[in-house]
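Going left to right, the sequence shown walks through residues 92 to 269 as my numbering numbers them.
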Amino acid sequence: MRIIAATNRKLEDLVSENKFREDLYYRLNVVPIEIPPLRERRQDIPLLVNFFLEQSNRINSAAIEGFSEEAMKALMEYDFPGNVRELQNVVERMVVLKREGHIDIEDLPEKLYSQEKEETPVPQIDIDKGYDTLVSEFEKTLIMKALTETQGVKSKAAQALNINRTTLIEKMKRLGLD
């Protein structure tokens, strides 16, 4: 018997946190296949769009002929945080709403082609404090946030910060957080 299972979680982490059974993990992890997110394989988008378009046309008795070059470019540039399912939903939505003809860029949901990118706010920093002081303040804030989010469990905070527990404890002592 073969079992094919998929997850969007890191099972290794869940096993180490005792949130997933280790024996089951090793039974399932015989031939792991990692598929990168759609934003890392944009070249697949036209193939997937055509597949979902044919499928959706058939299911919905529609006659969408395809996507304009501009619409396809917008799809290729969008990051698809919802991954392939989000792309599938966009294609199906377009088929259901338009029913026939070509999908143009203005038919797409605005978030897919809007040129207005959210600007990352620049934090207000008192540069006169000097580099070392600013770095220490940032480090202190980062460590306190990690500890808060992990209910004070240092090993989990260290893991969240991608440092080892000993390093975290040393930094806490140096910053007066012990």
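All residues carry an ideal CB built from backbone N, CA and C; glycine is no exception.
It should be emphasised that the depicted structure is a prediction, and the values quoted were computed from it without experimental measurement.
Just curious, the beta strand (DSSP E) that F158 is in, first and last residue? Within the sequence shown, residue 158 is the residue found at index 67, counting from 1. Segment A154 to F158, the beta strand (DSSP E) holding F158.
Q) Quick one: Cα of L166 to Cα of D223, how far? A) For the purposes of this step, residue 166 is identified with residue 75 of the sequence shown, where counting begins at 1. For the purposes of this step, residue 223 is identified with residue 132 of the sequence shown, where counting begins at 1. So the two alpha carbons sit approximately 44 Å from each other.
* To do: Quick one: grab the DSSP three-state call for E103.
  => For the purposes of this step, residue 103 is identified with residue 12 of the sequence shown, where counting begins at 1. Here E103 sits in helix by DSSP.
| How is the beta strand (DSSP E) around I194 delimited, first residue to last? | Locating residue 194 in the sequence shown gives position 103, counting from the first residue. Start and end: E191 to I194.
* To do: Could you tell me if I94 is buried or exposed, where buried requires 16 or more neighbouring beta carbons within 10 angstroms of its beta carbon?
  => On the sequence shown, position 3 is the one that residue 94 refers to. Exposed, because fewer than 16 other Cβ atoms sit within 10 Å of the Cβ of I94.
Next item on the list: Look at the alpha carbon of K208 and the alpha carbon of E201, and state the distance between them as a whole number of angstroms.
Entry: Here residue 208 is taken as the residue at index 117 of the sequence shown, counted from 1. Here residue 201 is taken as the residue at index 110 of the sequence shown, counted from 1. With a pLDDT of 48 at K208, under the threshold of 50, the predicted position of this residue should be treated as unreliable, and no value is reported.
Check your understanding: Based on Cα-Cα distance, which residue from D198, I260 and R176 lies nearest to I136?
Key -> Against the sequence shown, residue 136 aligns to sequence position 45. Taking I136 as reference, the option from D198, I260 and R176 with the minimal CA-CA separation is R176.
Legend entry - Under the three-state DSSP convention, the category F143 falls into: Translated into the one-based positions of the sequence shown, residue 143 becomes position 52. DSSP places F143 in helix when its eight states are reduced to three.
Through-space distance from L102 to L119, alpha-carbon basis:
Numbered from its first residue, the sequence shown carries residue 119 at position 28. Numbered from its first residue, the sequence shown carries residue 102 at position 11. Roughly 10 Å between the two C-alpha positions.
### S152 burial status per 10 Å Cβ neighbour count (16 or more: buried)
The residue labelled residue 152 in the question sits at position 61 within the sequence shown. It is exposed - the Cβ of S152 has fewer than 16 other Cβ atoms within 10 Å.
ask   = Just how far apart, CA to CA, sit N180 and L259?
value = Position 89 of the sequence shown, counted from the start, is the residue given in the question as residue 180. Position 168 of the sequence shown, counted from the start, is the residue given in the question as residue 259. Their Cα atoms are separated by approximately 43 Å.
_Whole-Å CB distance - L225 paired with I216, under 8 Å assumed_ = Within the sequence shown, the letter at position 134 stands for residue 225. Within the sequence shown, the letter at position 125 stands for residue 216. Correct: roughly 6 Å between the Cβ atoms.
Open item on the list: Let's see if you can read the secondary structure: which residues bound the alpha helix (DSSP H) around M92?
Closed with: For the purposes of this step, residue 92 is identified with residue 1 of the sequence shown, where counting begins at 1. Unbroken run through M92: none, as it is neither H nor E.
Query - Pair within 9 Å by beta-carbon distance, I194 and A154 - result: Translated into positions along the sequence shown, residue 194 becomes position 103. Translated into positions along the sequence shown, residue 154 becomes position 63. The answer is no: Cβ separation not under 9 Å.
Review point. Cα separation between R133 and G173?
Key: In the sequence shown, residue 133 corresponds to position 42, counting from 1. In the sequence shown, residue 173 corresponds to position 82, counting from 1. Computed Cα separation, rounded: 14 Å.
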